[in-house]
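To keep things clear, I will list the structure first and then write my remarks on it.
In the working numbering, the protein residues as written are 55 to 139.
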């Protein structure tokens, strides 16, 4: 296999892996959508992956460690500041 072919295969594998990981975030975004539709401005969730924190921050949500435990995070869409990546 030539280097260019190996690079191409690796790029495609990375793209597919990223799509699969983003699909895993769908329930989280559904929870946010449901909470926002009831007038809430934030939710608290357990253990966010680095990918989830990155995607949330990238999409304008504030993500910060909750005061309750070190494994909980508050996702806020009304007060965009102090984001933790």
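For every residue, glycine included, the Cβ atom is placed at its ideal position computed from N, Cα and C.
Model, not experiment: these values are computed from the prediction.
Less than 7 Å between C-beta atoms, sequence neighbours within five positions excluded: which residues of the same chain meet that for residue 100? Counting from one through the chain shown, the residue named residue 100 turns up at place 46. For residue 100, where only same-chain residues beyond five positions count, the Cβ hits under 7 Å are 125 and 126.
If you drop the 5 nearest sequence neighbours on each side, which residues of the same chain put their C-beta closer than 6 Å to that of residue 69? In the chain shown, the residue the question calls residue 69 occupies position 15. Taken in chain order, the list of residues that qualify is empty.
For residue 73, the first and last residue of its enclosing alpha helix (DSSP H): For the purposes of this step, residue 73 is identified with residue 19 of the chain shown, where counting begins at 1. Segment 57 to 78, the alpha helix (DSSP H) holding residue 73.
Does the Cβ of residue 86 have 16 or more other Cβ atoms within 10 Å, making it buried, or fewer, making it exposed? In the chain shown, counting from the first residue as 1, residue 86 sits at position 32. Buried, by the Cβ-count rule.
Which of helix, strand or coil does DSSP assign to residue 125? Working through the chain shown from its first residue, we reach residue 125 at position 71. In this structure, residue 125 counts as coil in the three-state DSSP scheme.
Assuming the contact rule is C-beta atoms closer than 8 Å, residue 97 and residue 106 should be a hit. Round their C-beta distance to whole Å, please. The residue given as residue 97 occupies position 43 in the chain shown. The residue given as residue 106 occupies position 52 in the chain shown. That belief does not hold up - the Cβ atoms of residue 97 and residue 106 are roughly 13 Å apart, past 8 Å.
Is the CB-CB distance between residue 92 and residue 132 below 7 Å? Your numbering for residue 92 matches position 38 in the chain shown. Your numbering for residue 132 matches position 78 in the chain shown. No, they are not a contact pair.
Close beta carbons around residue 128, own chain, < 7 Å, minus the five adjacent residues each side: The residue you call residue 128 lines up with position 74 of the chain shown. Contacts found: 96, 98, 118 and 120.
Please work out which residues of its chain come closer than 8 Å, Cβ to Cβ, to residue 109, disregarding the five sequence neighbours upstream and downstream, and give them in chain order. The residue given as residue 109 occupies position 55 in the chain shown. The residues are 76 and 79.
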